[in-house]
Structure formats: C-alpha cells, structure tokens
Amino acid sequence: MSSLSVGQRNEQRGFLLRPDSSQERTANPTAVWYYLAVTVSCLVMFFYDLGALPITTPNEGLYSQVAREMIERHDWVVPHINGLLYFEKPPLLYWLTALSMRLLGFTPFAARLPSALAGILSVWIVFWLGTRQWNAVVGACSAIVVATSIGFSLMARQVMFDALLTAWMSTSLVCFWLGSAPLNTDNSPANEAVQGQQQTERNYLIYGAYAATALAVLSKGFIAILLPLLILLSYAALTGDWPRLRPLRNFGGLLLFLLIAFPWHVIIAMRHHEWVWFYLINEHVLRFIGQRQPKDYSTGKFYTPLVGTIALIAPWCIFLPGALAYAVSQVSHTSQRLTQHWSGWHFSLAGSGSQSLEEGYKRDIIFILCWAAIPFLFFTVSHTRTFYYLLPLVPPLGLLIGSFWAGSLEGWNEVQRRRWLQVPLQIFLLIFLCGWLWCGSQSTASGLKGGRFAITFFSGFWLLLGMGAAMLAIHRARLWTASACIATAAMLTAMTGTTLVSRASKKWSITSCEEPLAAAIASSPRPPQTVVAMEGSLECHSSFVFYLPHQLRPVHIVDGQFGGDLEFGSHFPQARGLFLSHQELNTLAAQHPLFYLTDDPPKFAPPASLHPFRREDKLILWTNLKLK
C-alpha cells in the first residue's frame, strides 16, 4: 500500500479534489501549462485552415447566403434566401455571419468564424466549470476532451446553428449552476466580506445565465429554454434539491432575458403574421412530432442518437463506458476517505440546511449526468433524429471523460479496468480498423466519393495509431499516457485532414464542385441581361448561389418549388416569376442569355438552344451564349 496520506491520494485523483481557491489557482505555476494546452488544442481543432474548404452544400451555402442577403438588403430582421422569405431559423447565426463577412469579406473563413468561436467558447466554459468545481487539472483535461472531439470540431467548423446553441446553452447551465451554489455557512465577522463578494458574484452569474439563455433562443429557438429546464428539473427530482432552482424566479434575470430575446420575435411577428404559425408551431411543435411541412428531412433511425453521440465525441468514445461507470460508482458508493478528510467542510443551502463536500460532489456529478442524459433522451423520443442535434451533449460528456482522465484509475482493480476500458477500447479499435480499411478500398473511386474516402483514409492513420498506443498504455494502467495519445492523435488527424483538403484538392475531388461553376459564369463575358436558372431545389445547389455575383441573382428555380426549404416562401408575392416549369424555361431561354445548372445527366432534357458550357463531377452547366 502506498505511503501517501489520504489527502495526497485525493489530490492525485483530481476528480474528487476540493475546489482550489482563486489565490491557489493564480499562484499555481503549472496552471500556465493547462491554459497553454487548452489554447493549442483550440487553435489546432477550430482555426487550422478554417477557410481552406469552399462553402459547401446544402447547409453552409444556405445559411451563408441568408447572411449575405441581410447585408445586401439592409434588412436585419427578416431572413431572405434568393430574395424569398425564409422563416425556418432565428437570426443570431445570420447576424454574426453577416458581421464577420462585412468585416473580413465574403470568404469561407469569415462565414465559419462565428461557429468556430462558439466551439471555442464551449471549450472554455467546460474548463471554467471543471476548474471552479474541482481543480485546474480536471478543467484542462475536460476542455481538451471537448476540443479534440473530432465530430464536435467538424460541426463547429461549419456554418450551422448547433455550435452556437451548444455554446450559449452550456454557458447558461454553467452560470446557473455556479450562481445557485450554496454559500459558506461561516458567519464569523472575518467572513462577512467574503460572503458579500460571493453573493455579488452569484447575482452576476444568474444574470449571465439568463442572458446566455436569451442568446441561445436567438440561436436555435425555444428548445434553448426547454432543454435547460428539463435538465434542472430532472436534477432536482433526483436529488430533492429544489431550493437550488430558486434563482429561476429572479425578476431581474427574467427581464434581461425578455429584453434580449423578445424584440426580434415581436418585430418579425408584426411584419409577417404568417411567421407565427410557421416558426412557432411548424418549426418547433410539428418538427418534434414528425409532422413539419414540408417534410424535406430524414427522421433518422432509433439508433441515430447513439451512433451520433459516438461520432461527435470520437475518439474519446473509447473512454465513455469507463467514465460513465466511474461517475455512477462515485455517486452510488461514496468515498469514506473523502468524508474523513473533509468532514469539517460544509455548505449551507438557503432554506435547506447544510451540505457536506461529499454531498456537493455527488450533486455535481448528478447534474452533469442529467445535462448529458436529457438532450439524448429528448432527441431519441423526437421524430427528427439528426446526429448534429446532439452537439449539446459534448460538453457534459467532456466533463465526465476529462475528470475520469484526471482520476488516473485510482481504486480500480484489474477486473474493473478490463471491463470498462480494455474491452471497449478493443471493440472500438476493431470497428475503426475495419472502417479505415474500407475507406482505403473505396479511395480509388472517381469523383467526390473517392476523394473524401482518400482523405479519411490518410488522416485516419493517426487516429488508428493513437488508439493502438492508448491500448498499450491502458494495459499498463497508465491512463494519463493513454489520454495524451488520444488527444495528440485527434489533433494530428484534424491537421492532416484539413491540410489534404486544401493542398490536394486538385488531385482529389473532395468538396462541393459548385464554386468553380459559379466562378466560370462570373469570369465569362456576358450581356447585362443574362439570367441564371437551376434544376431542382435551391438547397441542393446552395453554394452555387452563394458564389454567384449579386447581379446574377435571384436564380430561377425549375421544378423545385415544392418539397424544399423555399416552399413556404414561394407563396408570397416576391416569388412571382422565380419558379418555372420546363415550358417556361424554354421561353426564358428564347428571350434571355441563360446559364442553366443541372445534374449530369439532367433530370429532364434542357432547351434545344442550350449547349454544355462546363462540367464538374456530377454537375453540368448549360448556356445559350457562344462561349469557349
């Protein structure tokens, strides 16, 4: 048995360590390295070659174009796409993307910057909670887990709403959790000033929680209210800690929430009464029960949430069974040594008696488990099961895995280590190996498919190597080494993948091929009255629209009015003349210089006056102009 004292052993475990004071955190010379490690992870995973990939179809092109049209139309209230009303989403992503593009230009980097910054905010929020509730080791480990989760970083590097929702929802929950924490019951005169400072800080944190909730609502809708409420209610129901929810009745916080979130909702409802039904009912209630119109989305399979969660936190999914088992065991079987060592440290929860450190620790873990479980269950029950909807799970899972990493397996015997670490790692390693070999076999295919498989194959080598090294380290009970191998492998995988995307795109077709088609139109000599049309739904070629010059928009849509994102907007006066039948396309081609984008081969034969102008992968651009 080690000669270390109980206190020293608890210090080593990290997960169970008493929170450091601010003075201790400041004076700790190793804290600089924790900040540096998290910063490097963020820079590599979120910023490295962020603008190397062109804007992609469908989501990036769609949302980037909405932001662009906000700038062009000088209308920051009502979203438009291709000149049509677009009510599906709230405006915060559009506002931030438009601001970024206004400052940095209409580039992929500028469009993706807000989402990348949201991903970084999520990482630092996790670091903050881990450090405040436990110590800097737990905070740094948890933050690195979130930053180097490849699925999470990939989603945060795209122009999408979910990274913003995750960042603001995490900020809201963390601020509320820290702001509602019980105060120290020491009523000595020397402690009165400290208690006053703590109460002031608590008030600021509660206001921060309400402000972050409002920003989350402006990011993805009222799901940003429902999910945090369900998380807090489930925590209180499991622990009986209902007094901790008292700040929900904070009048100042509610007023701040209304001042931030409601002006846009009120203004757009006054300008367009149709928005009320479409946004509040169709996009929230009917989407959840699978009755949203139009039904242009996949409901997903019952196992989609599980597979999506694994993909989002990969490669850290190999530690998830062990982290969950460790957390549940710590809640179920309290540490007797911890009780003996910290038996004199108590909190007082207003109106609910005192709370020991051990009890507070257990409730922290239950809160994090609820934070992870509620979104997972919600989107499992929902009839719209999309894997990136599960992005809000990554911060709490990062805390569980990071604190497990910091715990260094103390107290685990060989049987537990094998059951919860070695066996899951071997299973995941086998799955990754089979997938990696399959990607290699598919990388010889032509076009977009082969290019993407080739990138996955070459960049996935580092991930496979890191998992193999982690398996050897775990066999020797070296969890720190195993975790370091996984974090390093994740960063090398991300760097290799993004480097290949930007450097090898000429050899492999790995991205949407719509940018060069739009560039070919923009650079060609054409009469001023030239018009552009496309076959099918606009969202299927949204990046093509984004890269078109302003004077060539709006684009005419042929056989694409119904069943897509523009169906609702197509019923308003602005849509007159934009949606064409094939007969109307023939008339347009006879009257105007025309560029026409279709699949290769096209669904329907184009007008006889058109001839192929340029082909890219599975797309073909037609024109009636005499161009070389």
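Count the sequence shown with our numbering and you get residues 3 to 630, in order. C-beta: ideal position from N, C-alpha, C; glycine also.
> Under three-state DSSP, which class holds Ile403?
Replying inline: Walking along the sequence shown from the start, residue 403 turns up at place 401. Looking at Ile403 - three-state DSSP - the assignment turns out to be helix.
>> Can you tell me whether Ala610 is buried or exposed? The criterion is at least 16 other CB atoms within 10 Å of its CB, across all chains shown.
In response: The count along the sequence shown starts at 1 and reaches residue 610 at position 608. Its Cβ having fewer than 16 others within 10 Å, Ala610 is exposed.
> Just how far apart, CA to CA, sit Gln418 and Leu519?
Replying inline: As a position in the sequence shown, residue 418 is number 416, starting the count at 1. As a position in the sequence shown, residue 519 is number 517, starting the count at 1. If I take the Cα positions, the gap works out to 57 Å.
> Helix, strand or coil: how does DSSP classify Ile229 here?
Replying inline: On the sequence shown, residue 229 is found 227 positions in, with the first residue counted as 1. Note that residue 229 corresponds to Leu in the displayed sequence, not to Ile. In the structure shown, Leu229 sits in a helix (DSSP, three-state: H, G or I).
> Quick one: what's got a C-beta closer than 7 Å to Ala313's C-beta in the same chain, skipping five residues either side?
Replying inline: Taking the first residue of the sequence shown as position 1, residue 313 is located at position 311. Excluding sequence neighbours, Ala313 sits near Gly153, Phe389.
> Among Met473, Tyr391, Ser405, which has the Cα closest to the Cα of Ile429?
Replying inline: If you number the sequence shown from 1, residue 429 lands on position 427. Residue Met473 is the option with its Cα nearest to Ile429.
> Near Val534, what residues of its chain come up, given a Cβ to Cβ distance below 6 Å and the 5 sequence neighbours on each side ignored?
Replying inline: As a working note, residue 534 is residue 532 in the sequence shown. For Val534, where only same-chain residues beyond five positions count, the Cβ hits under 6 Å are Leu554, Val557, Phe597.
>> Could you give the first and the last residue of the continuous alpha helix (DSSP H) run that contains Ala69?
In response: In the sequence shown, residue 69 corresponds to position 67, counting from 1. Counting along the chain, the alpha helix (DSSP H) containing Ala69 begins and ends at 61 to 75.
>> Alpha carbons only, please: which of Trp482, His477, Leu247 is nearest the one belonging to Pro184?
In response: Here residue 184 corresponds to residue number 182 of the sequence shown, with the count starting at 1. Residue Leu247 is the option with its Cα nearest to Pro184.
> Per DSSP, Thr625 is paired with what?
Replying inline: Position 623 of the sequence shown, counted from the first residue, corresponds to residue 625. BP columns for Thr625 point to Phe597, His613.
> Got a sec? Which residues, its chain only, sit under 7 Å from Ala577 by beta carbon, not counting five neighbours each side?
Replying inline: In the sequence shown, counting from the first residue as 1, residue 577 sits at position 575. Counting only Cβ-Cβ distances below 7 Å, and skipping sequence neighbours, we find Leu86, Gly571.
> How would you label Arg478, buried or exposed, when you count the other beta carbons within 10 angstroms and need 16 or more for buried?
Replying inline: Against the sequence shown, residue 478 aligns to sequence position 476. Label assigned to Arg478: exposed.
> Which ranges would you report for the alpha helix (DSSP H) in the region 280 to 323 if only whole runs of at least 4 residues count?
Replying inline: 306 to 315
> DSSP on Phe606, reduced to helix/strand/coil?
Replying inline: The sequence position of residue 606 within the sequence shown is 604, counting from 1. Phe606 falls in the coil class under three-state DSSP.
> For the alpha helix (DSSP H) that Glu569 lies in, which residues bound it at each end?
Replying inline: Taking the sequence shown and counting its residues from 1, the one referred to as residue 569 is at position 567. First-last for Glu569: undefined, no H or E at that position.
> Bridge partners of Ile559, per DSSP?
Replying inline: Numbered from 1 along the sequence shown, position 557 holds the residue referred to as residue 559. Looking at the DSSP assignment, Ile559 forms a beta bridge with Met536, Phe581.
> Ser384 lies in the alpha helix (DSSP H); which residues open and close that run?
Replying inline: In the sequence shown, residue 384 corresponds to position 382, counting from 1. Where Ser384 is concerned, there is no enclosing alpha helix (DSSP H), given that its DSSP letter is neither H nor E.
> DSSP beta-bridge partners for His82?
Replying inline: Working through the sequence shown from its first residue, we reach residue 82 at position 80. Partner(s): Leu87.
> So, Ala489 versus Val68, is the Cβ gap smaller than 9 Å?
Replying inline: The count along the sequence shown starts at 1 and reaches residue 489 at position 487. The count along the sequence shown starts at 1 and reaches residue 68 at position 66. The answer is no: Cβ separation not under 9 Å.
> My guess is that Arg104 and Ile73 are in contact by the Cβ rule of under 8 Å, so how many angstroms apart are they, rounded?
Replying inline: Along the sequence shown, one-based indexing puts residue 104 at 102. Along the sequence shown, one-based indexing puts residue 73 at 71. With 8 Å as the limit, Arg104 and Ile73 qualify as a contact, their Cβ atoms being about 6 Å apart.
> Nearest-angstrom Cα distance between Gly470 and Pro604?
Replying inline: Numbered from its first residue, the sequence shown carries residue 470 at position 468. Numbered from its first residue, the sequence shown carries residue 604 at position 602. The straight-line gap from Cα to Cα measures roughly 47 Å.
>> Taking the straight line between their C-alpha atoms, what separation do you get for Arg134 and Leu175?
In response: As a position in the sequence shown, residue 134 is number 132, starting the count at 1. As a position in the sequence shown, residue 175 is number 173, starting the count at 1. In a straight line, the C-alpha of Arg134 is about 14 Å away from that of Leu175.
> Ordered along the chain, which non-local residues of its own chain (more than five positions away) have a Cβ less than 6 Å from that of Gly400?
Replying inline: Taking the first residue of the sequence shown as 1, we reach residue 400 at position 398. For Gly400, where only same-chain residues beyond five positions count, the Cβ hits under 6 Å are Val128, Ser144, Val147, Val148.
> Is Leu627 closer than 9 Å to Thr495 when the C-beta atoms are compared?
Replying inline: Your numbering for residue 495 matches position 493 in the sequence shown. Your numbering for residue 627 matches position 625 in the sequence shown. Cβ atoms of Thr495 and Leu627: not closer than 9 Å.
> Are there 16 or more other CB atoms within 10 angstroms of the CB of Tyr328, so buried, or fewer, so exposed?
Replying inline: Position 326 of the sequence shown holds residue 328. The residue in question, Tyr328, is buried, as its Cβ has 16 or more Cβ neighbours within 10 Å.
> Just checking my contact of Phe259 with Thr215 at CB under 8 Å: how many whole Å lie between their CB atoms?
Replying inline: Against the sequence shown, residue 259 aligns to sequence position 257. Against the sequence shown, residue 215 aligns to sequence position 213. So it is a contact: roughly 6 Å between Cβ atoms.
> Which of helix, strand or coil does DSSP assign to Leu185?
Replying inline: In the sequence shown, residue 185 corresponds to position 183, counting from 1. Leu185: strand per DSSP, three-state reduction.
>> Considering only their Cβ atoms, is the gap separating Thr500 from Ala2 smaller than 9 Å?
In response: Beyond the ends of the chain as shown, which are 3 and 630, falls residue 2; an answer cannot be given.
> What are the partner residues of Glu618, as DSSP defines its beta bridges?
Replying inline: Position 616 of the sequence shown, counting from 1, holds the residue named residue 618. Leu621, per the DSSP bridge assignment.
> Around the C-beta of Ser443, are 16 or more other C-beta atoms found within 10 angstroms, so that it is buried, or is it exposed?
Replying inline: Numbered from 1 along the sequence shown, position 441 holds the residue referred to as residue 443. So Ser443 counts as exposed.
> Which residue's Cα is closest to the Cα of Thr168: Pro394, Ser43, Leu220, Lys297?
Replying inline: Position 166 of the sequence shown, counted from the start, is the residue given in the question as residue 168. Answer by Cα proximity: Pro394.
>> Once the 5 residues before and after Glu618 are set aside, which same chain residues still bring their CB inside 7 Å of it?
In response: As a first step, residue 618 is located in the sequence shown; it is residue number 616 there, counting from the start. Within the same chain, Glu618 has close Cβ partners Cys515, Pro518, Leu519.
>> Applying the 10 Å Cβ sphere with the 16-neighbour rule, what's the burial state of Gly355?
In response: By 1-based counting over the sequence shown, the position of residue 355 is 353. Any answer about Gly355 is weak, because its pLDDT of 39 lies below 50 and its placement is not dependable; what the coordinates show is given next. Classification for Gly355: exposed.
> For the alpha helix (DSSP H) that contains Thr2, what are its first and last residues?
Replying inline: There is simply no residue 2 to check, as the chain begins at 3 and stops at 630 in what is shown.
> From Pro530 to Ala120, what distance separates their C-alpha atoms?
Replying inline: Taking the sequence shown and counting its residues from 1, the one referred to as residue 530 is at position 528. Taking the sequence shown and counting its residues from 1, the one referred to as residue 120 is at position 118. Straight-line Cα distance between these residues: approximately 41 Å.
> Just how far apart, CA to CA, sit Thr99 and Arg159?
Replying inline: As a working mapping, residue 99 is identified with position 97 in the sequence shown. As a working mapping, residue 159 is identified with position 157 in the sequence shown. For Thr99 and Arg159, the distance between alpha carbons rounds to 13 Å.
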